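For reference, the structure discussed in these notes is given below.
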Amino acid sequence: MADLHVEEFYKDAAIALVQLYGAFPRRINLFVEDIAGPDEPDEFGLHSKRHMACFGALLWLAEEGLLRYVDTIRQEALDQAVLTRGAFIRLSAPAPASLTRELGIADGGSVSTLPPSVQDDLSTHIHLVRTVLRSGNSGRISQAMQAVFFADSGNY
Numbered sequence: 580m581a582d583l584h585v586e587e588f589y590k591d592a593a594i595a596l597v598q599l600y601g602a603f604p605r606r607i608n609l610f611v612e613d614i615a616g617p618d619e620p621d622e623f624g625l626h627s628k629r630h631m632a633c634f635g636a637l638l639w640l641a642e643e644g645l646l647r648y649v650d651t652i653r654q655e656a657l658d659q660a661v662l663t664r665g666a667f668i669r670l671s672a673p674a675p676a677s678l679t680r681e682l683g684i685a686d687g688g689s690v691s692t693l694p695p696s697v698q699d700d701l702s703t704h705i706h707l708v709r710t711v712l713r714s715g716n717s718g719r720i721s722q723a724m725q726a727v728f729f730a731d732s733g734n735y
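Here it is as structure tokens:
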């Protein structure tokens with residue numbers, strides 16, 4: 580079992596990437612509260628550790644080349660964030676069939692009856708991430724995000 584802060588990181592990263600993919604190629608403001616939930620700064624105006632961990636996850640995604648942004652909005656959001664080319668290609672790429680089966684996402688015979696274009700959409704990393712996020716299972720979210728992070732980056 581991973582440390583709680585690592586599981587929260589994977590979930591925050593997954594939510595951020597799903598939001599950015601859903602808006603791609605449009606730039607959006609990526610708000611920490613939309614990802615980690617509401618936060619009440621203390622009497623000194625400092626955010627909670629949870630809020631700051633999520634903000635740190637967003638900055639890490641940028642430092643690792645998965646997203647770009649123009650500026651930060653205090654410690655509340657990333658202004659005009661967008662996926663990088665590499666992240667878009669990685670999320671659009673097929674996830675390993677063995678992983679989708681392991682996570683219980685493979686639908687067996689019913690998927691093979693769908694049109695090829697729909698089958699292709701259902702096999703992508705982004706579909707896998709969206710599906711495990713809906714499940715709410717932190718172990719599955721961690722596995723899916725590890726697959727995204729460790730996917731062969733090729734030449735992108």
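Going by the numbering used here, the sequence shown opens with residue 580, and the numbers climb by one from there.
Backbone N, C-alpha and C fix where the C-beta goes; we use that ideal spot for every residue, glycine too.
The structure displayed is predicted, hence computed values, not measured ones.
Buried or exposed for residue i, please, with buried defined as at least 16 other CB atoms from any protein chain shown within 10 angstroms of its CB.
{"i": "Gly688", "result": "With a pLDDT of only 45 at Gly688, under the threshold of 50, the placement of this residue in the model should not be trusted; the figure read from the coordinates follows. Flag for Gly688 reads exposed."}
{"i": "Tyr735", "result": "Reliability of the predicted coordinates at Tyr735 is poor, the pLDDT of 45 falling under 50, and the value obtained from them is presented with this limitation in mind. Answer is exposed; the Cβ neighbour count stays below 16."}
{"i": "Phe634", "result": "buried"}
{"i": "Ser721", "result": "buried"}
{"i": "Phe588", "result": "buried"}
{"i": "Leu670", "result": "buried"}
{"i": "Leu625", "result": "exposed"}
{"i": "Arg605", "result": "exposed"}
{"i": "Pro617", "result": "exposed"}
Could you spell out where the beta strand (DSSP E) holding residue i opens and where it closes?
{"i": "Gln659", "result": "Ala656 to Leu662"}
{"i": "Ile607", "result": "Ile607 to Phe610"}
Looking only at C-alpha atoms, which of the options sits nearest to residue i?
{"i": "Leu712", "options": "Phe729, Leu682, Phe728 and Ala730", "result": "Leu682"}
{"i": "Lys628", "options": "Ile684, Thr651 and His584", "result": "His584"}
{"i": "Ala641", "options": "Asp618, Ala666 and Glu622", "result": "Ala666"}
{"i": "Phe729", "options": "Leu701, Arg664, Pro617 and Ala674", "result": "Ala674"}
Could you give the residue range of the alpha helix (DSSP H) that holds residue i?
{"i": "Thr738", "result": "The question about residue 738 has no answer here: the residues shown for the chain are numbered 580 through 735."}
{"i": "His706", "result": "His704 to Ser714"}
{"i": "Ser717", "result": "Ser717 to Phe729"}
{"i": "Glu587", "result": "Leu583 to Ala602"}
Tell me whether the beta-carbon of residue i lies closer than 8 angstroms to the beta-carbon of residue j.
{"i": "Ile607", "j": "Leu599", "result": "yes"}
{"i": "Lys590", "j": "Ser714", "result": "no"}
{"i": "Ala672", "j": "Thr651", "result": "no"}
{"i": "Met631", "j": "Gln654", "result": "yes"}
{"i": "Tyr648", "j": "Leu657", "result": "yes"}
{"i": "Met724", "j": "Ala602", "result": "no"}
{"i": "Ile668", "j": "Thr710", "result": "no"}
{"i": "Ala726", "j": "Leu678", "result": "yes"}
{"i": "Leu638", "j": "Leu609", "result": "no"}
Does any heavy atom of the ligand FAD sit closer than 7 angstroms to the C-beta of residue i?
{"i": "Leu638", "result": "The ligand FAD is not part of the structure shown, which contains no ligands of any sort."}
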